[in-house]
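Residue 19 in full-length UniProt numbering sits at position 19 of the sequence shown; the count goes up by one each step and never skips.
First comes the structure, then the notes that go with it.
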Amino acid sequence: MTTLADRPNTALIVIDVQNGVVDGALGRDAVVANIQALVEKARGEGVPVVWVQHSDEELQEGSEAWKYVPELVRREPEALVHKSYGDSFEGTNLEDVLARAGVGRLVVAGAETDACIRSTIHGAFTRGYDVTLVGDAHTAGDKTAWGAPPVEAVIAHTNLYWQYQDAPGRTAAVTPAMDVDFKG
């Protein structure tokens, strides 16, 4: 149903599950375990896994904070996309990686819900991708000191509104990790 012609495949996109991003994030261990299970399922079904890794002043490339959490290990030849903006498509080669794999549908997990996850799912949707957000495989840190709602509310709200996104020729969905269907 994607609007991208000749792109029947699905990819799992794992966004910014880095030490400095998820340290102290709500439900960190459960979210990482859900992502780990998704990665293993995708690999077992021959579905591409694409790793996205953010760098900026706080996440200096090569630093411990910048590295992916030890529970999640990228394998060769799984793609690694480096980014410095919220939307994983901006200023990166993500579109090229997905085009080469014939991907028109994305299953998205990672961090942070209120930043890079939201930016990427919206960016993908406007670029013509079908986008499934894994409802129990994304998280964020507490930003209430800056006026944001509690993290539980941010996650719940993101899951709520994403399941009702609509656009011609595209689908948006939210599903729990255990119900992800990479073929459907």
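Cβ coordinates follow ideal geometry from the N, Cα and C atoms, glycine included.
message: If I follow the unbroken alpha helix (DSSP H) through V21, where does it start and stop?
response: 19-22
message: Alpha carbons only, please: which of T144, I155, E57, A137 is nearest the one belonging to Q36?
response: A137
For T10 and P48, the rounded distance between their alpha carbons: 7 Å
task: Can you grab the Cα-Cα spacing for the pair Q53 / G24, in whole Å?
output: 18 Å
task: Indicate the three-state DSSP secondary structure (helix, strand or coil) for K143 in the structure shown.
output: coil
field: Beta-carbon contacts of S119 that lie in its chain and below 6 Å, excluding the five residues immediately before and after
entry: G86, D87
query: In angstroms, rounded to a whole number, what distance separates the CA positions of R28 and T171?
result: 28 Å
message: Give me, in chain order, the residues of the same chain whose beta-carbon lies closer than 8 Å to that of S84; leave out the 5 immediate sequence neighbours on both sides.
response: H54, S55, D56, G91
query: Of all the options V22, D16, K41, which has the alpha carbon lying nearest to the alpha carbon of A178?
result: Residue identity check: residue 178 is Met in the sequence provided, not Ala. Among V22, D16, K41, the Cα nearest to that of M178 is on K41.
task: Would you list the residues sitting across from G110 in a DSSP beta bridge?
output: I15, H138
message: Suppose the cutoff is 8 Å on Cβ atoms and the five residues either side in sequence are ignored; what does the same chain contact list for G128 look like?
response: T2, T3, L4, G104, G169, R170
message: Along the chain, where does the beta strand (DSSP E) containing Q53 start, and where does it finish?
response: 49-54
- request: Report buried or exposed for A111, applying the criterion of at least 16 other Cβ atoms within 10 angstroms of its Cβ.
  value: buried
task: Spatial neighbours of D6 within its chain, please: CB distance less than 8 Å, with the 5 preceding and 5 following residues excluded, ordered by chain position.
output: G102
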